[in-house]
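Read through the structure below, which is laid out as structure tokens, and then see the notes.
Protein chains: 2
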Amino acid sequence: MDAVKPYVIGVDLGGTNTVFGIVNQRGEILFDDSIKTQAYDTAERFVEAGVACLKPLIEKAGGVENIKAMGIGAPNGNYYTNAIEFAPNLPWKGVVPLGEMFSKELGIPVALTNDANAAAMGEMIYGVARGMKNFIVITLGTGVGSGIVINGQLVYGHDGFAGELGHVTMVRGEEGRPCGCGRTGCLEAYCSATGVARTAREMLAKTDRPSLLREIDPEKIESLDVSIAAGKGDALAKEIFEFTGKMLGEACADFTAFSSPEAYIFFGGLCKAGDLIMKPIEESYNKHVMKIFQNKAKFLVSGLMSMNAAVLGASALGWEI
Amino acid sequence: MDAVKPYVIGVDLGGTNTVFGIVNQRGEILFDDSIKTQAYDTAERFVEAGVACLKPLIEKAGGVENIKAMGIGAPNGNYYTNAIEFAPNLPWKGVVPLGEMFSKELGIPVALTNDANAAAMGEMIYGVARGMKNFIVITLGTGVGSGIVINGQLVYGHDGFAGELGHVTMVRGEEGRPCGCGRTGCLEAYCSATGVARTAREMLAKTDRPSLLREIDPEKIESLDVSIAAGKGDALAKEIFEFTGKMLGEACADFTAFSSPEAYIFFGGLCKAGDLIMKPIEESYNKHVMKIFQNKAKFLVSGLMSMNAAVLGASALGWEI
């Protein structure tokens, strides 16, 4: 009976750190700890270190008999295969059956999904999407990811890889920017943190207009620098956000033609710019979307943007097993 | 108990004709009849005529006590409100609560959805999508419509208007063709029957190349003429289909990034061109889609493309009530 197993483990497996947390049914993280993801050159060693890190947390929670299950959010995590598949930014290549590996070591069920899906699950259970049955989470980080919820369910698609909204084509033909996925013109190539930095370099090179960003070596500009400059009222930095927001709004207008969600929820470093990015997104969206959809969708920033949020999102997966 | 109500009514409400059919649980249309949609200037008169048309069919079926429910597929039909909302090609303006109106007259539950959703429902229960839980039906007619099934459920979205894939933007900026929806660059502006005819006119005007299509007054060219010419091996007509298929393939590549369906099912007059249109779609799709999705999705032509298919699709809705 679930009542005798009051906790789940949530795991936020990121490119740098992996955080483990013991979570209760109210969404409180009781105990947590982390390891360095990149320090383990094989998945076996990583699992070994993860289990060693978890053991004391599990003991504090009264032993494994109190743990219902574990949920993992990881880049390129496939819910159907319970494996990480061909993640470009992790040290382990190919298909890594991480769910099964942890399950075998810990003796509890383990579910795994990609990080954006975990974020969507977290928003639905603990965040701004509580009570919503149709919404889309868009993560603006190193890449652009997405978690799509339709009829109250995460969309995994036929093969488990649905929700790659960072890779819809926004600029067709030869003028599209190259994308990390090997194609060109993807949303991610423009609206990820690296995309924003590239837009900054392009805009700086194109004109002589003064900007706080000129104090930085162009090759070292990061999206955070653009945020800081825009926050100080720098006109060029604001235009960079307007360009980025305009494209995100156009993309969302297309997504609405697909699933007409109640809300778009943005997650990740870029959102910290607040209205500087959110206003252009919403304005562009309402300008480009079909008339029947105008001024209906909400544009929200995640309320779960601490490191622990990803753990919560992943833990939500554990309750579903 | 359902066992004592062995039939449903399926209604295909089109811009020209409205077909009523009595359908059994095996998907056989036992009795059917039709009225002219445009002959009734108010929805009240249309419902009156519809009920008069249905009465003898219902009697043949042994009376209304044998009818479980009625399902209607109609342009701009909204499943949530049970109404036709602002349909540009129907004589009745504004919001028409057609479901409720028929239900009151007939004394049975009535569900209503848009025509493309009804087609998707028909494919899932009676057609090539039997056994599939994730697929997208794309209707290529006067417009481009879509019915999306995810996790075995039709996608209606937050407001009932999801699945408007004819109105994703394929050509951004000023060079986009004007679309009937008031925006520019929509998929529908290029890949509907009228879009294909326009492509034909543009291609004929651009060059002096010989083509069977030059025998027709350019203003009177229809997509069927292009089909016939392509079927005879006309090179220019084939290029028109290649252009159309290429864009549909690119659009489907974006749709896959969203929901990664098992299959795309094409429905409507244009599909009668067979490989001439289907091959370019599939080739373009596999060229433009993300690597992880390549050569996975099936590209199928509906097996239900008779007039009765739409009735079957709508009737499927009746079983779900």
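Just so you know, the protein sequences line up as chains B and S, in that order.
According to this note's numbering, the first sequence is numbered sequentially starting from 1.
According to this note's numbering, the second sequence is numbered sequentially starting from 322.
The beta carbon of each residue, even a glycine, is placed where N, CA and C say it ideally should be.
{"Check": "Neighbour flag for B:Thr184 against chain S, beta carbons, 8 Å", "Outcome": "no"}
{"Check": "Nearest residue (CA-CA) to B:Pro261, options B:Leu154, B:Pro6, B:Lys93 and B:Asp275", "Outcome": "B:Leu154"}
{"Check": "Straight-line Cα distance separating S:Cys512 from S:Ile598", "Outcome": "11 Å"}
{"Check": "Cβ-Cβ separation, B:Asp33 to B:Phe46 (assumed contact under 8 Å), whole Å", "Outcome": "About 15 Å separates the two Cβ atoms, so there is no contact after all."}
{"Check": "Span of the beta strand (DSSP E) around S:Ala556", "Outcome": "Element bounds for S:Ala556: not the beta strand (DSSP E) but the alpha helix (DSSP H), Ala556 to Ser580."}
{"Check": "Under 9 Å (Cβ pairs) to chain B, residues found in the segment 576-595 of chain S", "Outcome": "Phe576, Thr577, Ala578, Phe579, Ser580, Ser581, Pro582, Glu583 and Ala584"}
{"Check": "Minimum Cβ-Cβ distance from B:Asp159 to chain S less than 8 Å", "Outcome": "yes"}
{"Check": "Where the segment 448-466 of chain S meets chain B: residues whose CB sits under 9 Å from a CB there", "Outcome": "Met453, Lys454, Asn455 and Phe456"}
{"Check": "Alpha carbon of S:Ser424 to alpha carbon of S:Asn338, nearest angstrom", "Outcome": "21 Å"}
{"Check": "Straight-line Cα distance separating B:Pro97 from B:Met1", "Outcome": "Summary for B:Met1: the model assigns pLDDT 45, below 50, so the residue's position carries little reliability, and this model does not support an answer."}
{"Check": "Backbone secondary structure at B:Leu304 - three-state DSSP", "Outcome": "coil"}
{"Check": "heavy atom of the ligand NAD below 7 Å from S:Phe456 C-beta", "Outcome": "In terms of ligand content, the structure shown is empty, and the ligand NAD therefore cannot be addressed."}
{"Check": "Outcome for S:Glu536 when other beta-carbon atoms lying within 10 angstroms are tallied against a minimum of 16", "Outcome": "exposed"}
{"Check": "Contact list for B:Glu164 against chain S, beta-carbon separation under 9 Å", "Outcome": "Thr577, Ala578, Phe579, Ser581, Met611, Ile613 and Phe614"}
{"Check": "Contacts around B:Val11, its chain only, beta-carbon distance under 6 Å, and the 5 residues preceding and following it disregarded", "Outcome": "Phe20, Ile72 and Ala314"}
{"Check": "Endpoints, beta strand (DSSP E) assigned at B:Thr139", "Outcome": "Phe135 to Leu140"}
{"Check": "Under 7 Å by beta carbon: chain S residues contacting B:Ile150", "Outcome": "Ile471 and Val476"}
{"Check": "Length of the line joining the Cα atoms of S:Ile586 and S:Ile602", "Outcome": "12 Å"}
{"Check": "Range covered by the alpha helix (DSSP H) that runs through B:Thr194", "Outcome": "Ala193 to Lys206"}
{"Check": "Neighbourhood of S:Leu334 by C-beta, 7 Å cutoff - its chain only, sequence neighbours within 5 removed", "Outcome": "Thr358, Ile393, Gly394 and Ala395"}
{"Check": "Straight-line Cα distance separating S:Val517 from S:Phe562", "Outcome": "8 Å"}
{"Check": "First and last residue of the uninterrupted beta strand (DSSP E) at S:Ser548", "Outcome": "Here S:Ser548 belongs to no beta strand (DSSP E); instead the alpha helix (DSSP H) covers Ser544 to Gly552."}
{"Check": "CB contact below 8 Å: B:Thr18 versus chain S", "Outcome": "no"}
{"Check": "Completely contained alpha helix (DSSP H) runs for the segment 407-468 of chain S, where each covers 4 or more residues", "Outcome": "419-427 and 436-447"}
{"Check": "CB contact check: B:Lys296 to chain S, cutoff 8 Å", "Outcome": "yes"}
{"Check": "Element boundaries [beta strand (DSSP E), containing B:Tyr264]", "Outcome": "Ala263 to Phe267"}
{"Check": "Three-state secondary structure assigned by DSSP to S:Pro327", "Outcome": "coil"}
{"Check": "CB contact below 8 Å: S:Val489 versus chain B", "Outcome": "yes"}
{"Check": "From B:Ala237, B:Asp208, B:Leu57 and B:Val95, residue whose alpha carbon lies closest to that of B:Glu222", "Outcome": "B:Ala237"}
{"Check": "Helix, strand or coil at S:Cys500 according to DSSP, with G and I counted as helix", "Outcome": "coil"}
{"Check": "CA nearest to the CA of B:Gly147, picked from B:Ala118, B:Gly131 and B:Val168", "Outcome": "B:Ala118"}
{"Check": "Spatially closest choice to B:Phe31 from B:Leu317, B:Pro109 and B:Asn308, by CA coordinates", "Outcome": "B:Asn308"}
{"Check": "Among S:Pro430, S:Gly336 and S:Lys541, the one whose alpha carbon lies nearest that of S:Lys389", "Outcome": "S:Pro430"}
{"Check": "C-beta atoms of B:Ile284 and B:Glu250 nearer than 8 Å", "Outcome": "Reading off the sequence, residue 284 of chain B comes out as Ser, not Ile. Yes, Cβ-Cβ distance for B:Ser284 and B:Glu250 is below 8 Å."}
{"Check": "Contact with chain S by B:Cys181, beta-carbon distance below 8 Å", "Outcome": "yes"}
{"Check": "Closest residue to B:Gln294 among B:Gly268, B:Asp254 and B:Ala310 (Cα-Cα distance)", "Outcome": "B:Asp254"}
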